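This report concerns only the one structure given below.
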Amino acid sequence: MAGSLNKVMLIGNLGNDPEVRSTQDGRSLCTFSVATTESWKDKNSGERRDKTEWHRVVIFNEGLVRITEQYLKKGSKVYLEGQLQTRKWEDKDGIEKYTTEVVLQNFNGNLTMLGGRNDNSSSDFASDSIPSESTSLSTDVDDDIPF
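Numbering of the sequence shown is given in the working numbering, commencing with residue 476 and proceeding in unit increments.
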């Protein structure tokens with residue numbers, strides 16, 4: 476195979492408030508967990524069953540870090556695209572551990588806030604605090620144009 480692809484796409488809810496901190500070289504990063512839940516009806520009992528997977532997300536994109544910190548909170552619904560990365564680290568007892576994360580970097584990540592201001596499972600994004608394209612376009616319209 477000439478190439479390969481490492482892309483993760485998730486739609487889920489934040490399991491905790493985003494945590495922002497800095498790397499040793501001063502770059503901002505943000506971490507949080509996202510829950511994705513699969514639901515189905517059990518064939519034998521007829522009961523609804525759920526299975527939730529938790530995904531650790533790390534954002535290195537400065538712009539996305541600011542947006543995440545400002546507008547997302549525990550319970551917010553998001554769509555994200557990133558790459559799967561596994562890193563090795565040592566715990567306080569010197570035991571090697573591995574963590575697999577969904578990483579959003581500069582051009583290899585996408586984050587879309589889902590839900591809206593009336594959605595209790597999502598953060599409140601006031602429409603006047605984030606100007607929409609249609610709002611900014613309406614202020615540029617000249618009423619004297621005949622067409």
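Every residue gets a Cβ at the ideal spot worked out from N, C-alpha and C, and that includes glycine.
No experiment lies behind these values; they were computed from the predicted model shown.
- Under the DSSP assignment, E544 falls in the alpha helix (DSSP H) whose first and last residues are E537 to Y546.
- In the DSSP assignment, R562 forms a beta bridge with T574.
- In its chain, beyond the 5 residues on either side, Y573, T574, T575 and E576 have a beta carbon closer than 8 Å to the beta carbon of T561.
- In the DSSP assignment, A510 forms a beta bridge with N488 and W529.
- Exclusion of the five residues before and after S508 leaves L489, G490, N491, W529, H530, R531 and V532 as the residues of its chain whose Cβ lies within less than 8 Å of its Cβ.
- Within the model, the alpha-carbon separation for N536 versus D566 is close to 27 Å.
- Rounded to the nearest angstrom, the gap between the Cα atoms of E571 and L559 is 20 Å.
- Counting only the Cα atoms, N519 lies some 43 Å from Y546.
- The three-state secondary structure of K518, taken from DSSP, is coil.
- Note on G487: 16 or more other CB atoms within 10 angstroms of its CB, so buried under the neighbour-count rule.
- Between I534 and L579 a beta carbon distance of about 5 Å is seen, short of the 8 Å cut, so the two are scored as contacting.
- The continuous beta strand (DSSP E) containing L586 extends over residues N585 to M588.
- Close CB contacts of V495 within its chain, under the 7 Å cut and outside five residues either way in sequence, are with S503, C505, V540 and E544 (chain order).
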